[in-house]
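Visitor: What follows is a single structure, and I will ask about it in a moment.
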Amino acid sequence: MFANRYVRTIILSRVLLHLGIWIRNFAVLLFVSEWTNNNPVYVSLISVAEFAPIFLFGLIGGTFADRWLPKRTMVWSDLLSALSVGAVLLVLMNGGWIALLIGTFISASLSQFSQPSAMKLYKQHVPVEQLQGVMAMSQTLVAVFMVLGPVVGTFIFLQFGIFASLILTGVLFLGSSLILATLPRDMQEAKSDDVGGFIQELKAGLRYIGSNQALRTLCLTFSAVGLASGLTQPLQIFLVIENLGLDKQFLQWLVMTNGAAMLIGGAVIMGIAKKVKPQLLLMVGLLFSAVCTIAIGAATMIWLMIVLLVISGFFFPFIQGGIQTLLVRNTEGAFIGRVSGTITPVFMGMMVVGMFISGYLKDTFSLAAVYVVSGVLIMIGASLLLPLVVEKKRKDVEEKGHA
11 MFANRYVRTI ILSRVLLHLG IWIRNFAVLL FVSEWTNNNP VYVSLISVAE FAPIFLFGLI
71 GGTFADRWLP KRTMVWSDLL SALSVGAVLL VLMNGGWIAL LIGTFISASL SQFSQPSAMK
131 LYKQHVPVEQ LQGVMAMSQT LVAVFMVLGP VVGTFIFLQF GIFASLILTG VLFLGSSLIL
191 ATLPRDMQEA KSDDVGGFIQ ELKAGLRYIG SNQALRTLCL TFSAVGLASG LTQPLQIFLV
251 IENLGLDKQF LQWLVMTNGA AMLIGGAVIM GIAKKVKPQL LLMVGLLFSA VCTIAIGAAT
311 MIWLMIVLLV ISGFFFPFIQ GGIQTLLVRN TEGAFIGRVS GTITPVFMGM MVVGMFISGY
371 LKDTFSLAAV YVVSGVLIMI GASLLLPLVV EKKRKDVEEK GHA
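Take the sequence shown: its letters are residues 11 to 413, numbered as in the working numbering.
What follows is the structure, given as structure tokens:
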């Protein structure tokens, strides 16, 4: 795979990009929590700035990325991300820390145009038999940085401060842009600027989901799980500060533990995926996640917190594997892009809603109460899958009867 120039170049650029994103995210998290004296509302706004663009631009970003030249789109996205970091630095020098949130939002928005373009280049220049391996490599890269990213980001912030962290982030984004610029010129394709076509495609995708029971169910499950994830995402730092009574820098080790467990769970899921029905895989993953979420919110011992994060991380790939398999199996080939492009923003939209209200809920009730609500929502999401399981069993019985 690495003999392919496009794979080699894109993977190298993604390494720099992921590293820059993690350094930026942890620098912003630690700086804002320090500056605002651990204010949960401001801390939750950081997660909103990071994830809201996926909801706002995930659907349209992929569509426009298909219409634009992929190499040029990626080069400019990374270059503009680097420039946005530079602009944030200038504002921050004058004491305007809110610019950190705006800069993070802009950079995360640009990546919604860059990522689909990378997929387009892979499709154009990677042989079909190698494509699955390349996709697996890309996902592994994400998991590796979930383990290494928090450690590197926290170390750089603690040793050198917010300004050095942002400068390094900008340099890494710029480096990614320059590496991508070495690719050959884009192949010219016939493009359509028909905006009406985009609207019609979007409507057709929504109608298709509405008429498909399995996809409607998955959409509802996604909504419940997205809201649950959003409630807890910004509050992880308070698990360290309040429940464990440790310094906020300890968060990096919890994130690293969770990421390492995801890697192991991902390896296991590759071995058993063909033997286990996706509905069951997804339900098991959700139920374990729900129980662990509730327990994590109440845990006050380090060893118990780590055990729960390991279990939760191990079963997270069960959720992802189950969802992706169900989406592919229940969607016609012509609609796969639009279905995934519609359902993912539903998940992210509910996640952003959860992030917006998580800080207020914690202030009003307690950290443990928010984690209980999150766990209950995940259980509701799992229970919504029961009709799919029952329907699949009924069909299996009918097929055996006819046989």
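C-beta: ideal position from N, C-alpha, C; glycine also.
Just so it is clear, the structure is predicted and the values come from calculations on it, not from any experiment.
From what residue to what residue does the alpha helix (DSSP H) around residue 84 run?
Guide: Position 74 of the sequence shown, counting from 1, holds the residue named residue 84. Residue 84 -> alpha helix (DSSP H) spans 80-102.
Visitor: Put residue 60 into one of helix, strand or coil per three-state DSSP.
Guide: As a position in the sequence shown, residue 60 is number 50, starting the count at 1. Helix.
Visitor: Hey, residue 189 and residue 22 are a contact pair by Cβ (cut 8 Å); roughly how many whole angstroms apart?
Guide: Mapped onto the sequence shown, residue 189 falls at position 179. Mapped onto the sequence shown, residue 22 falls at position 12. Sure, about 6 Å apart at Cβ, within 8 Å.
Visitor: Sorted by chain position, which residues of the same chain lie with C-beta nearer than 8 Å to residue 174's C-beta, five sequence neighbours on each side aside?
Guide: Looking up residue 174 in the sequence shown gives position 164. Cβ neighbours of residue 174 beyond the five flanking positions: 166.
Visitor: Since residue 59 and residue 123 are thought to touch, with beta carbons under 8 Å apart, how far apart are those beta carbons, to the nearest angstrom?
Guide: Looking up residue 59 in the sequence shown gives position 49. Looking up residue 123 in the sequence shown gives position 113. That pair is no contact at about 17 Å.
Visitor: Are residue 87 and residue 120 closer than 7 Å when you measure CB to CB?
Guide: Reading the sequence shown from its first residue, position 77 is the one you call residue 87. Reading the sequence shown from its first residue, position 110 is the one you call residue 120. Yes. Within cutoff.
Visitor: Within the same chain, show all residues whose beta-carbon is closer than 7 Å to that of residue 251, passing over the 5 residues directly before and after it, in chain order.
Guide: Within the sequence shown, numbered from 1, the residue matching residue 251 stands at position 241. Excluding positions up to five away in sequence, the list reads 48 and 258.
Visitor: Select from 89, 238, 136 and 104 the residue whose C-alpha is nearest the C-alpha of residue 371.
Guide: What you label residue 371 is simply residue 361 of the sequence shown in a count that begins at 1. The shortest Cα separation from residue 371 among 89, 238, 136 and 104 belongs to 238.
Visitor: Tell me which same chain residues have a C-beta within less than 6 Å of the C-beta of residue 64, skipping the five on either side of it?
Guide: Your numbering for residue 64 matches position 54 in the sequence shown. Excluding sequence neighbours, residue 64 sits near 358.
Visitor: Measuring CB to CB, does residue 194 end up less than 7 Å from residue 36?
Guide: In the sequence shown, residue 194 corresponds to position 184, counting from 1. In the sequence shown, residue 36 corresponds to position 26, counting from 1. The answer is no: Cβ separation not under 7 Å.
Visitor: Whole angstroms is fine: what's the gap from residue 297's alpha carbon to residue 392's?
Guide: Within the sequence shown, the letter at position 287 stands for residue 297. Within the sequence shown, the letter at position 382 stands for residue 392. Their backbone Cα atoms lie some 7 Å apart in a straight line.
Visitor: Just to confirm, are residue 162 and residue 369 a CB contact at a threshold of 7 Å?
Guide: Taking the first residue of the sequence shown as position 1, residue 162 is located at position 152. Taking the first residue of the sequence shown as position 1, residue 369 is located at position 359. No, Cβ-Cβ distance for residue 162 and residue 369 is not below 7 Å.
Visitor: What residues in its chain sit with their C-beta under 7 Å from that of residue 129, if we drop five residues either side in the sequence?
Guide: Within the sequence shown, the letter at position 119 stands for residue 129. Excluding sequence neighbours, residue 129 sits near nothing in its chain.
Visitor: On a CA-only basis, which of 266, 236, 321 and 389 is nearest residue 275? Give me that one, please.
Guide: As a first step, residue 275 must be located in the sequence shown, where it is residue number 265. If we check each option's Cα against that of residue 275, 321 comes out closest.
Visitor: For residue 79, which residues of its own chain have a beta-carbon under 7 Å away from its beta-carbon, when the five flanking residues on both sides are left out?
Guide: Counted from its first residue, the sequence shown places residue 79 at position 69. 196, listed in sequence order.
Visitor: Give the C-beta separation of residue 261 and residue 247 to the nearest angstrom, bearing in mind that I take them to be a contact with Cβ-Cβ under 8 Å.
Guide: Here residue 261 is taken as the residue at index 251 of the sequence shown, counted from 1. Here residue 247 is taken as the residue at index 237 of the sequence shown, counted from 1. Residue 261 to residue 247, Cβ: 5 Å. Contact.
Visitor: Would you mind sorting residue 355 into buried or exposed? The rule is 16 or more other CB atoms within 10 Å of its CB.
Guide: Residue numbering aside, residue 355 sits at position 345 when the sequence shown is read from its first letter. The residue in question, residue 355, is buried, as its Cβ has 16 or more Cβ neighbours within 10 Å.
Visitor: For the putative contact between residue 315 and residue 254, defined by C-beta atoms under 8 Å, what is the C-beta separation to the nearest angstrom?
Guide: The residue given as residue 315 occupies position 305 in the sequence shown. The residue given as residue 254 occupies position 244 in the sequence shown. Contact flag correct, Cβ pair sits at about 7 Å.
Visitor: First and last residue of the alpha helix (DSSP H) that includes residue 35?
Guide: Sequence index remark: in the sequence shown, residue 35 carries index 25 (1-based). Where residue 35 is concerned, the enclosing alpha helix (DSSP H) stretches over 15-45.
Visitor: Looking at C-beta atoms only, is the number of pairs between the region 91-98 and the region 167-186 that lie closer than 8 Å three or more?
Guide: yes
Visitor: Have a look at residue 66 and residue 362 and give me their C-alpha separation to the nearest angstrom.
Guide: The residue you call residue 66 lines up with position 56 of the sequence shown. The residue you call residue 362 lines up with position 352 of the sequence shown. Roughly 10 Å separates the two Cα atoms.
Visitor: Over what stretch of residues does the alpha helix (DSSP H) that includes residue 227 continue unbroken?
Guide: As a working note, residue 227 is residue 217 in the sequence shown. Note, residue 227: alpha helix (DSSP H), 223-242.
Visitor: Which one of 225, 307, 126 and 185 has the shortest CA to CA distance from residue 398?
Guide: The residue given as residue 398 occupies position 388 in the sequence shown. Of 225, 307, 126 and 185, the residue nearest in Cα terms is 225.
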